[in-house]
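Trainee:
There are 2 protein chains.
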Amino acid sequence: MDVKLKQQASAITELTFDLLRCCEAKEKMFAKDHGLKVAEFRCLRIVEAGKSYSVQELATSMHLSPSRLTRIIDGLFAEKLVDRVQSIEDRRFAKISLTNKGQTLVGKLKEEYADLHGEMLKDISVEDRDKIYEGISLMQGLVSTWLVKNA
Amino acid sequence: MDVKLKQQASAITELTFDLLRCCEAKEKMFAKDHGLKVAEFRCLRIVEAGKSYSVQELATSMHLSPSRLTRIIDGLFAEKLVDRVQSIEDRRFAKISLTNKGQTLVGKLKEEYADLHGEMLKDISVEDRDKIYEGISLMQGLVSTWLVKNA
DNA sequence: GTTTTTCTTTGCTAAAGGCAAAAATAGTGG
DNA sequence: CCACTATTTTTGCCTTTAGCAAAGAAAAAC
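So the protein lines, in turn, are chains A and B.
No gaps in the numbering here: position 88 of the first sequence is 122 in this note's numbering, and each next residue is one more.
No gaps in the numbering here: position 94 of the second sequence is 128 in this note's numbering, and each next residue is one more.
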């Protein structure tokens, strides 16, 4: 039993837990301020302009079930933010892509969400920002890998 | 406009977003494996053995509404994991504390949740673990402060 | 001693999310 | 070509998560 590992794991567990709560609150506020449901914001956040996605792709990258995605897309479609067309090659597939309205909104969303983080980061040093990047990057990689193995 | 800041903010925004999704999936799996609802796990995770808490305290530290907490506590109470007694000094207050059964469970939960993170962290260097700690710690502080200011 | 304030709970509603079955399409073996 | 299987999405139904507003209950203030 590696004592040092146990200590570090405990500390990181605790911190990650707190960070999660805070970031969820942050996302909720941001989505609400932009008239979106949290799930809609999360979905829009990952679709890139010009690309098209299947329901499954979106479900996988959001860690949600396909049925849940259908509903989220229903909402975005109703607001004319995304298009949903049957794939011609394989008509079982849906091709979800941003409408012009959607592209405009997503552009604004990404810009402003980054600005929000810029606001948080502006008073610390470039080095500390790099430390944040590096730390979170490492952690993200680990959790992501762990999930693939244990899902 | 600080270009470097904008770049860093963008990168951190993206990473944090991904980390969040992964950690949520991780929490959900862990809670399920232990026969708990996610909200219950999150609540148990923050109550310490021997201490007692008001509904408000718990709501605040979980970033949830008091009414939501009442329901979560209802569930934990039904499973005899927490006690709920009226405060004698001020009978408006509830005093929520862990039962013996609750203490045992929480002990096990914290242990195993830390172990899960230990599992993820075991193959990287002590230095990288420190980088994770430092990065997440910095970020958590920033988001937390930002929330207080903007809530 | 009534009014105001504070803390918790209750009723109601919305949002988030999954499972299982259905619908639609594609592929495959005879 | 036809039946059967596999894949993708959707639908119906249910649970979980969450907040708001009003009600209850107790303390504090006037």
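Just so it is clear, CB atoms sit at the ideal spot from N, CA and C, and this is done for glycine as well.
(1) Quick check on the DSSP output: the beta strand (DSSP E) that includes Ser-99/A runs from which residue to which?
(2) Is the region 152 to 168 of chain A touching the region 79 to 89 of chain A in the sense that three or more CB pairs, one from each, lie closer than 8 Å?
(3) Can you confirm whether the region 63 to 82 of chain A touches the region 94 to 106 of chain A when touching is taken to mean that 3 or more C-beta pairs between the two stretches lie within less than 8 Å?
(4) Below 8 Å on C-beta distance, what does Ala-59/B contact in chain A?
(5) Strictly below 8 Å CB to CB, what residues from chain A border Val-177/B?
(6) Return the residue from the list Ser-121/A, Thr-50/A, Leu-132/A, Arg-125/A that minimises the CA-CA distance to Ile-107/A.
(7) Does DSSP put Leu-115/A in a helix, in a strand, or in coil?
(8) Count the other CB atoms, across all protein chains shown, that sit within 10 Å of the CB of Ala-185/A; report buried if there are 16 or more and exposed otherwise.
(9) Please tell me whether Val-160/B has its Cβ less than 9 Å away from any Cβ of chain A.
(10) Bridge partners of Ser-131/A, per DSSP?
(11) At the 9 Å Cβ level, is Arg-105/A part of the contact set with chain B, yes or no?
(12) Taking C-beta to C-beta, are Leu-155/B and Leu-176/A nearer than 9 Å?
(13) Could you list which residues in chain B have their beta carbon closer than 8 Å to that of Lys-38/A, in chain order?
(14) Tell me where the alpha helix (DSSP H) around Tyr-167/B begins and ends.
(15) Where do the ends of the alpha helix (DSSP H) carrying Arg-125/A lie?
Mentor: The relevant details are as follows:
(1) Looking at the DSSP string, Ser-99/A is not in any beta strand (DSSP E), and its letter there is neither H nor E.
(2) no
(3) yes
(4) His-97, Leu-181, Ala-185
(5) Leu-53, Cys-56, Cys-57, Lys-60, Met-154
(6) Leu-132/A
(7) coil
(8) exposed
(9) yes
(10) Asp-117/A
(11) no
(12) yes
(13) Val-160
(14) 160 to 184
(15) No alpha helix (DSSP H) holds Arg-125/A; DSSP gives it neither H nor E.
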